[in-house]
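Heads up, the sequence shown is in this note's numbering, so the first residue is 13 and it goes up one at a time.
Each residue gets a CB set at the ideal place from its N, CA and C atoms; glycine is no exception.
Just so it is clear, the structure is predicted and the values come from calculations on it, not from any experiment.
Read through the structure below, which is laid out as structure tokens, and then see the notes.
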Amino acid sequence: MIPAEIKVQLDPVGIREFVQQELQKQIRQQLLLVDINRLSELTSMSPKFLETEILHDPRVRIHERRKLRKRWWVAQPTFEAILVVIEEW
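Dropping the structure here:
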């Protein structure tokens, strides 16, 4: 019997990107509401930048919910609205 030789080449960068994308999908599916700090973390934008450039847009503002001084945004529609806004830049 002739021994078989198998070589597997893996792209670590590609694997890392794939895993991060899948994790982000899972996180987004489970989020119901996000606050400005979570939006900042998920978008890699500062809260100040989000406030001035994104959150005042009417397409994002319609997803805002308030209770006293605290604000939240409905997660999935807000993410979609942010994508629409930044595609116009």
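- Considered as a whole, the region 55-88 harbours 76-79, 82-86 as its complete beta strand (DSSP E) runs of no fewer than 3 residues, in chain order.
- A check of alpha carbon separations from residue 72 across 58, 79, 84 identifies 84 as the nearest.
- In the displayed model, residue 46 falls within a strand according to three-state DSSP.
- The count of Cβ pairs closer than 8 Å, one atom from the region 43-57 and one from the region 80-95, reaches three, so the stretches are in contact.
- Under the three-state reduction of DSSP output, residue 16 falls in the coil class, being neither helix nor strand.
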